[in-house]
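Have a look at the structure below, then the notes.
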Amino acid sequence: MQDVVEKVYEQVVARNRGEVEFHQAVHEVLESLDPVIAKHPHYAEGALLERIVEPERQIMFRIPWVDDAGQVHVNRGFRIEFNSALGPYKGGLRFHPSVNAGIIKFLGFEQIFKNALTAQGIGGGKGGSDFDPHGRSDAEVMRFCQSFMTELQRHIGPSTDVPAGDIGVGGREIGYLFGQYKRIRNSYDAGVLTGKGLAWGGSLVRTEATGYGAVLFAQSMLSTKGESLEGKKVIVSGAGNVAIYAIEKAQQLGATPITFSDSSGYVVDEAGVDLDLLKQVKEVERGRVADYVERRPGARLVTGGSVWDVPGDVALPCATQNELDGDAAATLLRNGCGVVSEGANMPSTPEAVEAFQKAGILFGPGKAANAGGVATSALEMEQNAGRTRWDFATAEAKLTDIMADIHDSCVAAADEYGRPGDYVLGANAAGFTRVADVMIAHGIV
Ligand code: NDP
Numbered sequence: 000m001q002d003v004v005e006k007v008y009e010q011v012v013a014r015n016r017g018e019v020e021f022h023q024a025v026h027e028v029l030e031s032l033d034p035v036i037a038k039h040p041h042y043a044e045g046a047l048l049e050r051i052v053e054p055e056r057q058i059m060f061r062i063p064w065v066d067d068a069g070q071v072h073v074n075r076g077f078r079i080e081f082n083s084a085l086g087p088y089k090g091g092l093r094f095h096p097s098v099n100a101g102i103i104k105f106l107g108f109e110q111i112f113k114n115a116l117t118a119q120g121i122g123g124g125k126g127g128s129d130f131d132p133h134g135r136s137d138a139e140v141m142r143f144c145q146s147f148m149t150e151l152q153r154h155i156g157p158s159t160d161v162p163a164g165d166i167g168v169g170g171r172e173i174g175y176l177f178g179q180y181k182r183i184r185n186s187y188d189a190g191v192l193t194g195k196g197l198a199w200g201g202s203l204v205r206t207e208a209t210g211y212g213a214v215l216f217a218q219s220m221l222s223t224k225g226e227s228l229e230g231k232k233v234i235v236s237g238a239g240n241v242a243i244y245a246i247e248k249a250q251q252l253g254a255t256p257i258t259f260s261d262s263s264g265y266v267v268d269e270a271g272v273d274l275d276l277l278k279q280v281k282e283v284e285r286g287r288v289a290d291y292v293e294r295r296p297g298a299r300l301v302t303g304g305s306v307w308d309v310p311g312d313v314a315l316p317c318a319t320q321n322e323l324d325g326d327a328a329a330t331l332l333r334n335g336c337g338v339v340s341e342g343a344n345m346p347s348t349p350e351a352v353e354a355f356q357k358a359g360i361l362f363g364p365g366k367a368a369n370a371g372g373v374a375t376s377a378l379e380m381e382q383n384a385g386r387t388r389w390d391f392a393t394a395e396a397k398l399t400d401i402m403a404d405i406h407d408s409c410v411a412a413a414d415e416y417g418r419p420g421d422y423v424l425g426a427n428a429a430g431f432t433r434v435a436d437v438m439i440a441h442g443i444v
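In this note's numbering, the protein residues as written are 0 to 444.
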């Protein structure tokens, strides 16, 4: 790293002690900026780098709620409004016991550049809570969401900050959150949340968008080598929203996904994942991956080791951050994997990314590859603002175009800074310069 960039990183570490995921995300972006700053030194002036790594606003709050047995719980809520240069803060809410300020900051920081890549006029933010929805009744989840929104509502709005879902927050939670927002504000601001139900302002394709987008990004990367997903064996991690629709799109494009996972283990189904059964187990019954194996002859559940031990041509990490480390990367490469497209946010550790880049395989970083979700959220906002609704084909065509644009922007930026095929540099440089140019135009704010 150049001195000027290194100093900014050191300040981030000193100011945000112990927030290791945030340090990791900042390091990855700043490291990519060396050739950008070398070519355009004005990006290091006016403390622009120091400003971009500091959230505009950080909100942290208490969420008291009562469980079905009458016991009171207290969780912690977060909303990091990171950067509004390009538009209202936009980014999901995560409900998971591991959530803390550092995790939300890393996600919010990534979101700035991801949203810039979509070219849809959305700033970056993220939020969530250390609440664990697993095993909670609908009524408990509803009471928690209502308490969460009782505080959050004063900070958000269709032109201010527009949250969506993430791990642990799907259509059910967005419904409860919206209901409470509407009750307190006495205002049917459909554009205040995305990922809504189709009957009350949601967009077709939003549910599918992140997983579809990650696969479309893999297909675009392959097309630069004259190849496609047709006939390829795909290793997928996760069994949530992103994983399920990554599997669906991969199947549509002629590939064969053979794995998925959750925190209890991973499933290998050499015949190809039975998507209807997986949706039934995870979306309808909210079950565990073991429930799939019980009903699917030939599929096996593995509770030790790593899903990345399974040989395949393409890897789609779709669970969580740092789920694919250096050893897993080495195993994937040894087994002949030639494409990694990140459906999750920062699922590959720095060691894994380095291994993929050294090996020269196609590696699509999350902030580009999984941007289809937020892009379709922006399409949902557009439909809400216009009081209109597009059919599935229209929304999917827009998503496909946006993913192709993001891919091409990454390729162009990587070429411009002398590292053809480096999608990490390409995504960071293209996203950063779009935000930085507007921050300069807005003055010191
Ligand atoms: P879901 O909650 O729908 O699913 C998450 C899946 O990952 C579950 O199967 C979960 O298993 C598994 N998982 C989560 N944490 C862990 C962990 N610590 N160890 C092992 N498995 C884990 O979330 P999404 O599918 O929405 O999100 C997945 C990833 O994609 C996240 O990184 C998210 O930030 C990213 N993303 C999501 C977008 C979206 O539109 N939803 C947009 C862009 C990125 P279990 O149930 O056992 O916890």
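Positions of the beta carbon are idealized from the N, C-alpha and C atoms, including for glycine. From a predicted model like this one, the values you see are computed outputs, not experimental measurements.
Cβ separation of residue i and residue j, assumed to be a contact under 8 Å, to the nearest whole Å
i, j, result
"residue 28", "residue 87", "Not quite, the Cβ-Cβ distance comes to about 22 Å (not below 8 Å), so this is no contact."
"residue 295", "residue 273", "6 Å"
"residue 210", "residue 163", "That pair is no contact at about 15 Å."
"residue 356", "residue 421", "7 Å"
"residue 319", "residue 349", "Not quite, the Cβ-Cβ distance comes to about 16 Å (not below 8 Å), so this is no contact."
"residue 177", "residue 132", "Wrong, their Cβ atoms sit about 17 Å apart, outside the cutoff."
"residue 218", "residue 183", "About 44 Å; that fails the 8 Å criterion."
"residue 432", "residue 35", "7 Å"
"residue 453", "residue 270", "Examination of residue 453 is not possible in this model, given that the chain is present from 0 through 444 alone."
"residue 424", "residue 220", "The Cβ separation is near 14 Å, so there is no contact."
"residue 0", "residue 30", "6 Å"
"residue 196", "residue 170", "6 Å"
"residue 265", "residue 292", "Not quite, the Cβ-Cβ distance comes to about 10 Å (not below 8 Å), so this is no contact."
"residue 121", "residue 89", "4 Å"
Proximity of residue i and residue j at Cβ, strictly below 8 Å
i, j, result
"residue 65", "residue 32", "no"
"residue 92", "residue 126", "yes"
"residue 336", "residue 301", "no"
"residue 316", "residue 236", "yes"
"residue 55", "residue 80", "yes"
"residue 234", "residue 288", "no"
"residue 213", "residue 427", "no"
"residue 430", "residue 216", "no"
"residue 119", "residue 412", "no"
"residue 238", "residue 277", "yes"
"residue 257", "residue 281", "no"
"residue 99", "residue 129", "yes"
"residue 434", "residue 85", "yes"
"residue 341", "residue 371", "no"
"residue 225", "residue 253", "no"
"residue 38", "residue 416", "yes"
"residue 17", "residue 101", "yes"
"residue 136", "residue 67", "yes"
"residue 146", "residue 40", "no"
"residue 344", "residue 359", "no"
Alpha-carbon spacing of residue i relative to residue j, whole angstroms
i, j, result
"residue 108", "residue 47", "15 Å"
"residue 389", "residue 367", "24 Å"
"residue 97", "residue 106", "13 Å"
"residue 392", "residue 398", "10 Å"
"residue 205", "residue 22", "30 Å"
"residue 42", "residue 438", "10 Å"
"residue 77", "residue 138", "22 Å"
"residue 279", "residue 9", "48 Å"
"residue 193", "residue 179", "15 Å"
"residue 386", "residue 190", "10 Å"
"residue 445", "residue 444", "A question about residue 445 goes unanswered here, because the residues of the chain that appear run from 0 up to 444."
"residue 187", "residue 373", "22 Å"
"residue 148", "residue 240", "23 Å"
"residue 283", "residue 70", "28 Å"
"residue 353", "residue 403", "25 Å"
"residue 73", "residue 140", "14 Å"
"residue 382", "residue 203", "10 Å"
"residue 2", "residue 11", "14 Å"
"residue 260", "residue 26", "29 Å"
"residue 326", "residue 290", "29 Å"
"residue 167", "residue 408", "31 Å"
"residue 255", "residue 24", "32 Å"
Cβ of residue i within 8 Å of any chain B Cβ
i, result
"residue 254", "The structure shown contains no chain B; it holds only a single protein chain."
Residue ranges of each beta strand (DSSP E) within the region 266–326, 3 or longer: 299–301, 313–315
Alpha helix (DSSP H) runs wholly inside the region 339–417, at least 4 long, in chain order: 349–358, 365–368, 371–384, 391–415
Contiguous beta strand (DSSP E) assignments of at least 3 residues, all confined to the region 54–128: 56–65, 71–82, 88–94, 122–128
Runs of beta strand (DSSP E) wholly within the region 128–204 (minimum 3 residues, chain order): 160–163
3 or more residues per run - each beta strand (DSSP E) lying fully within the region 203–240: 232–235
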